[in-house]
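Structure record follows, encoded as structure tokens.
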Amino acid sequence: MKLFKLFLFCIMASQMAFSQLEYGIKGGLNFDSAGKITKLNDDVISKGDLKSESGFNLGGYAQFDVLIFYLRSELQYTKVKGSFEDLNITTSRLELPVSLGYRVLGPLSFFGGPTVFYNLSNKTNIDSFNSLKNKLNFGYHLGVRFNLGSVGADIRYEKGVSSLVGNAVKVESTDLRPNQIVLGLSLKIN
144 MKLFKLFLFC IMASQMAFSQ LEYGIKGGLN FDSAGKITKL NDDVISKGDL KSESGFNLGG
204 YAQFDVLIFY LRSELQYTKV KGSFEDLNIT TSRLELPVSL GYRVLGPLSF FGGPTVFYNL
264 SNKTNIDSFN SLKNKLNFGY HLGVRFNLGS VGADIRYEKG VSSLVGNAVK VESTDLRPNQ
324 IVLGLSLKIN
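If you number the sequence shown the way our numbering does, the last residue is 333 and the count never jumps.
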């Protein structure tokens with residue numbers, strides 16, 4: 144039994160020694176459901192969903208592989224737009240998703256983990272929205288990735304869980320957290 148445990152330990156240690164660190168660039172399209180508004184000051188007095196438009200993301204990633212698992216961290220610039228009646232919002236943010244992935248079959252893997260969103264700017268035609276104070280938002284993501292050689296494609300769902308509004312705006316109900324489907328392509332550099 145001790146010999147079997149030693150053999151198993153040696154196999155696991157050798158696999159960990161052959162684990163890889165890879166890095167590359169990535170980009171993609173964001174299909175953001177920009178949020179909901181019930182009432183905001185006297186500027187907006189109605190209820191409805193913000194109409195989402197597609198946005199984009201560009202960035203890089205680093206991935207550490209161990210056996211059938213991997214840990215992948217990404218840093219990307221994202222820009223998305225939304226509109227509601229006379230309100231138009233353009234948001235630029237940095238996103239930092241950290242994924243724990245599991246390779247299911249060959250090039251196919253499932254992944255998920257936390258995401259940090261940092262708003263760089265919110266541009267809108269209504270002044271009340273320009274004063275959003277909570278720039279930092281936390282969320283989660285889940286997705287599936289397909290890698291073929293140095294090229295990878297993924298689709299993921301991302302959801303922000305903390306509020307962006309805070310006390311900056313007098314609001315009955317405004318939800319501007321990220322809620323998006325992201326289609327991405329990545330290119331391994333090393």
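For glycine and all other residues, C-beta sits at the position ideal for the given N, C-alpha and C.
Computed from a predicted structure; not experimentally measured.
Straight-line Cα distance separating Leu291 from Pro250: 6 Å
With contact counted as at least three CB pairs below 8 Å, one residue from each stretch, are the segment 213-223 and the segment 235-245 in contact? yes
Thinking C-alpha only, which one of Gln206, Lys222, Tyr300, Gly202 is nearest Ser264? Lys222
What are the boundary residues of the beta strand (DSSP E) that Ile232 is part of? 230-248
Out of Arg288, Lys278, Ser293, which one is the CA nearest neighbour of Gly327? Arg288
Since I believe Leu218 is in contact with Gly202 (beta carbons under 8 Å), could you give me their beta-carbon distance rounded to a whole number of angstroms? 5 Å
Tell me the rounded alpha-carbon separation between Ala296 and Ser329. 6 Å
Quick check: the Cα distance between Pro321 and Leu210, rounded to an integer number of angstroms? 33 Å
Secondary structure of Leu210, DSSP reduced to three states: coil
Just to confirm, are Tyr204 and Arg236 a CB contact at a threshold of 8 Å? no
Do you know offhand how far Ile324's Cα is from Leu146's? 50 Å
Which partner residues does Gly256 have in the DSSP bridge list? His284
For Gln206, count neighbouring C-beta atoms within 10 Å of its own C-beta (all shown protein chains included) and say buried if the count is 16 or more, exposed if not. buried
Ordered along the chain, which non-local residues of its own chain (more than five positions away) have a Cβ less than 7 Å from that of Leu285? Gly255, Arg299, Tyr300
When the distance is taken between beta carbons, is Asn333 closer than 8 Å to Tyr166? yes
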